[in-house]
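Take a look at the structure set out below.
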Amino acid sequence: MAGYRVRAAEPGDCEEIIRMIKELAEYENLSDQVKNTAEGLRRDGFEEPSPLFRCLVAEEEDEQKRAEGPRLVGCAVSYYIYSTWTGRALFLEDLYVAPQYRGKGIGSKLLTATAELCLSLGCSRLQLSVLDWNQPAISFYQSRGGRNLSDEEGWCLFRFLPDDLQRMISKSAEKGGDSGLP
1 MAGYRVRAAE
11 PGDCEEIIRM
21 IKELAEYENL
31 SDQVKNTAEG
41 LRRDGFEEPS
51 PLFRCLVAEE
61 EDEQKRAEGP
71 RLVGCAVSYY
81 IYSTWTGRAL
91 FLEDLYVAPQ
101 YRGKGIGSKL
111 LTATAELCLS
121 LGCSRLQLSV
131 LDWNQPAISF
141 YQSRGGRNLS
151 DEEGWCLFRF
161 LPDDLQRMIS
171 KSAEKGGDSG
181 LP
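Quick look at the structure:
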């Protein structure tokens, strides 16, 4: 993959990272769900005593070509998760390559660098989720050894949004429930 390099993101990359996050959300038909900002990324990834995420970015090596297009052409955003069965793990939240740069091995290089990061951090596994209609992504991960746990183990992914959490808490309070928190 001559011409592109992967490196750890820096605080000055946050504007371009949020641009790529928004492009990914648009591709996934979920643009309305992006609430984060470049400032939020900078705070959470670079200013926290313990950063909440890690990010790798792909960029054109040739400065002249970089000046003609986007400086960053891809990113991989990950963070720690924990398995009570196997311990520390890494969750790959986003792996994105701009459409005009796909098919050049950039996604493979970002995924491989994330795998190296995962092992270097002593993680027991790398986990991610893919929308069920995104066959190119599913095929990409499966071709690299990824296991579809929906098929293999029957796992279902659930999400609680703030309104859902508040309703749950309110219903519990109405029944006289105690969360057990101080």
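Okay, so the sequence shown: first residue is 1 according to UniProt numbering, each after it adds one.
Ideal Cβ placement from N, Cα and C applies to all residues, glycine included.
Here the structure is a predicted model, which means the values were calculated and not measured.
Candidates the options: closest to residue i by CA position
i	options	result
R7	I21, P70, K109 and A98	K109
C75	P99, E68 and S83	P99
For residue j and residue i, the rounded distance between their alpha carbons
i	j	result
G103	I169	47 Å
A89	G176	36 Å
Y101	Q166	42 Å
L72	A173	48 Å
Close Cβ partners of residue i (< 8 Å) along its chain, the five nearest in sequence each way excluded
i	result
E28	L131 and N134
D164	none
Proximity test, Cβ basis, 8 Å: residue i and chain B
i	result
G145	Although the question refers to chain B, the structure presented lacks it and comprises just one protein chain.
Boundaries of the alpha helix (DSSP H) in which residue i is found, first to last residue
i	result
Q135	Q135 to S143
Y27	C14 to Y27
A115	I106 to S120
R42	A38 to R42
Proximal residues to residue i (C-beta, below 6 Å), its chain only, five neighbours per side dropped
i	result
I138	V130
For residue i, the residue or residues it bridges with in DSSP
i	result
I81	A89
Endpoints, the beta strand (DSSP E) within which residue i is located
i	result
A128	Note that residue 128 is Leu in the sequence shown, not Ala. Run containing L128: L126 to L128, per the beta strand (DSSP E) assignment.
residue 192	The displayed coordinates of the chain run from 1 to 182. Any statement about residue 192 would go beyond what the structure contains.
E60	R54 to E60
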